[in-house]
Amino acid sequence: MKYISTRGQSPALSFSEILLGGLAPDGGLYLPESYPQFSDADLNAMRGMHYRDLAFTLLSRLIDDISAADLRAIVDNTYRAEVYANARPGQNVEDITPVLKLEKDLYLLSLSNGPTLAFKDMAMQLLGNLFEYVLAKKGETTNILGATSGDTGSAAEYAMRGKQGVNVFMLSPHQKMSRFQTAQMFSLQDDNIFNIAVKGVFDDCQDIVKAVSNDHAFKAENKIGAVNSINWARVAAQVVYYFKGYFAVTSDNSQQVSFAVPSGNFGNVCAGHIARMMGLPIAKLVVATNENDVLDEFFRTGVYRPRGAANTYHTSSPSMDISKASNFERFVFDLVGRDGAKMRELWKQVDAGGAFDLNADGLFAKVADYGFVSGSSNHAHRMQTIKTTYDQYHVTIDTHTADGLKVALEHREDNIPMLVLETALPAKFEDAIVEALGERPERPASLDGLENLPQRFEVMEADIATIKQFIVAHTK
Numbered sequence: 000m001k002y003i004s005t006r007g008q009s010p011a012l013s014f015s016e017i018l019l020g021g022l023a024p025d026g027g028l029y030l031p032e033s034y035p036q037f038s039d040a041d042l043n044a045m046r047g048m049h050y051r052d053l054a055f056t057l058l059s060r061l062i063d064d065i066s067a068a069d070l071r072a073i074v075d076n077t078y079r080a081e082v083y084a085n086a087r088p089g090q091n092v093e094d095i096t097p098v099l100k101l102e103k104d105l106y107l108l109s110l111s112n113g114p115t116l117a118f119k120d121m122a123m124q125l126l127g128n129l130f131e132y133v134l135a136k137k138g139e140t141t142n143i144l145g146a147t148s149g150d151t152g153s154a155a156e157y158a159m160r161g162k163q164g165v166n167v168f169m170l171s172p173h174q175k176m177s178r179f180q181t182a183q184m185f186s187l188q189d190d191n192i193f194n195i196a197v198k199g200v201f202d203d204c205q206d207i208v209k210a211v212s213n214d215h216a217f218k219a220e221n222k223i224g225a226v227n228s229i230n231w232a233r234v235a236a237q238v239v240y241y242f243k244g245y246f247a248v249t250s251d252n253s254q255q256v257s258f259a260v261p262s263g264n265f266g267n268v269c270a271g272h273i274a275r276m277m278g279l280p281i282a283k284l285v286v287a288t289n290e291n292d293v294l295d296e297f298f299r300t301g302v303y304r305p306r307g308a309a310n311t312y313h314t315s316s317p318s319m320d321i322s323k324a325s326n327f328e329r330f331v332f333d334l335v336g337r338d339g340a341k342m343r344e345l346w347k348q349v350d351a352g353g354a355f356d357l358n359a360d361g362l363f364a365k366v367a368d369y370g371f372v373s374g375s376s377n378h379a380h381r382m383q384t385i386k387t388t389y390d391q392y393h394v395t396i397d398t399h400t401a402d403g404l405k406v407a408l409e410h411r412e413d414n415i416p417m418l419v420l421e422t423a424l425p426a427k428f429e430d431a432i433v434e435a436l437g438e439r440p441e442r443p444a445s446l447d448g449l450e451n452l453p454q455r456f457e458v459m460e461a462d463i464a465t466i467k468q469f470i471v472a473h474t475k
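First residue of the sequence shown? That's 0 in numbering that gives the first Met the number 0, and the numbers climb one at a time after it.
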């Protein structure tokens, strides 16, 4: 299995060769040269598998330069029940990603039972173990540079803390995450974890990461790696729970399922797209945005128009406060027939601060072939959805999952199960839950008093040179 860049100007590489790097040298994102295909017989064999067996079966088709025995050990070490022990009462922690039935053909897919209570743990725990394995094999070290709007940072830091050969430099928008999210990250005291609060919004952080990744000399000299969803291994790991969710709510492969996905950077729903391309019977992929509705605008109009930091709203579902969706490029690559020249043309417009319109050449008409639909939510919607869900089902959901559920209800079809991806537990967004329900959400006992722990972080301007200097100073 080789991996190619969406921009078409980088050599095809193996999984281990692309694992640490993030962006391809030409500025694109990596995807498999072709997607593995899973037949009806394959699906039957996978139905009923434990999460670890399912993950190994899927990932072994995407990773062929790590021995089967070693990959099996990495997967088994990653997806242990005790790592995902924050399940709701009555759920089986052995399921890893249990489903919660709200009513007929409407479910939550619980992805937030890991150590940081967010779906990012599902992939990041695997990534941490893969990084440590590959670095040990190569006798190398890496300096992870990442950007987070809330959940990626803590998931990455909890996955990488104490790992041999790994330092983590995580950029986050200063004072724009929830108190819980901030405390989860900044309270870590591990010597290999560095938190940088950037004066700006998430897109400023993401732009710095991309700029550093595109400085090939600096990247090579300082061994810069990536854990954001631009990293292919994270997307690959997320494909697994689409299969697991599908099998949980169907009895045979003639049935289709739709997934509603709260979306900011497009990584989570991109994994659903890839699962569909591999043969999973997905009817609809429902892209749910908040007030930062660039993706909803595209799927309604065919125009992709990132709005920049100055026009990105700070909302009560802050992990989706993103107006330039990195992983969107992976889907568009498939949409344009994997034409690297076309991709370079489109992203030249985006990188210059502009937009592109796929109506003129008929490409937007093909979007429906991939099952995508969309919708947006706002603060009033999510407060009402949280309250209604609690009143009707006695279930408390977080603000991002509320956005997903709100839009999911707009796209339900008779006799097709709809799974809403639960992207975080409500404890991470206590203030919003108190506003919606008048009471605090429960949190795992191990996280009581989190906000009162000492915090360690640096506040910096959104300046590439300053960030580079900090990295150099703390890795020599």
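All residues carry an ideal CB built from backbone N, CA and C; glycine is no exception. This one's a predicted model, so the numbers in the text were calculated from it and none came from an experiment.
State the DSSP-derived secondary structure class of residue i, mapped to helix, strand or coil.
i, result
"Ala-67", "helix"
"Asp-356", "strand"
"Ile-470", "helix"
"Leu-284", "strand"
"Leu-446", "helix"
"Pro-317", "helix"
"Phe-37", "coil"
"Leu-279", "coil"
"Met-102", "According to the sequence shown, residue 102 is Glu rather than Met. If DSSP states are grouped into helix, strand and coil, Glu-102 belongs with the strands."
"Phe-258", "strand"
"Val-335", "coil"
"Phe-242", "helix"
"Leu-125", "helix"
"Leu-404", "helix"
Return the bridge partner residues of residue i from the DSSP annotation.
i, result
"Val-458", "Ala-196"
"Gly-224", "Ile-143"
"Asn-291", "For Asn-291, which the question treats as bridged, DSSP gives no partner whatsoever."
"Val-373", "Note on residue identity: the sequence assigns Ser, not Val, to residue 373. Paired residue(s): Val-286."
"Phe-168", "Leu-144, Phe-193"
"Ala-423", "Ala-117"
"Tyr-2", "Leu-12, Pro-31"
"Met-417", "Leu-105, Ser-257"
"Tyr-303", "Phe-355"
Taking all protein chains shown into account, do 16 or more other C-beta atoms lie within 10 angstroms of the C-beta of residue i, making it buried, or fewer, making it exposed?
i, result
"Gly-20", "buried"
"Asp-397", "buried"
"Val-458", "exposed"
"His-313", "exposed"
"His-410", "buried"
"Ser-212", "buried"
"Ser-375", "buried"
"Leu-30", "buried"
"Asp-39", "exposed"
"Gln-391", "exposed"
"Gly-478", "Given that the chain is displayed from residue 0 to residue 475, the structure contains no residue 478 and the question cannot be resolved."
"Val-98", "buried"
To the nearest angstrom, how far is the alpha carbon of residue i from that of residue j?
i, j, result
"Val-372", "Ala-401", "17 Å"
"Gly-339", "Leu-129", "29 Å"
"Ser-66", "Leu-110", "28 Å"
"Leu-61", "Pro-35", "7 Å"
"Leu-408", "Thr-388", "12 Å"
"Leu-284", "Leu-58", "22 Å"
"Ile-466", "Ala-219", "16 Å"
"Gly-224", "Asp-203", "19 Å"
"Ser-4", "Thr-96", "31 Å"
"Ala-68", "Val-133", "14 Å"
"Leu-446", "Gln-8", "46 Å"
"Phe-363", "Arg-442", "44 Å"
"Asn-166", "Thr-140", "8 Å"
"Phe-37", "Glu-328", "24 Å"
"Gly-149", "Gln-205", "13 Å"
If we count Cβ pairs, one from each stretch, closer than 8 Å, do we get three or more for the region 6–23 versus the region 219–239?
-> yes
Any 3 or more C-beta pairs closer than 8 Å across the region 262–281 and the region 315–331 = yes
For the region 41–50 and the region 238–248, state whether three or more C-beta atom pairs, one from each stretch, are separated by less than 8 Å.
-> yes
Given 8 Å, three or more beta-carbon pairs between the region 271–285 and the region 353–373 = yes
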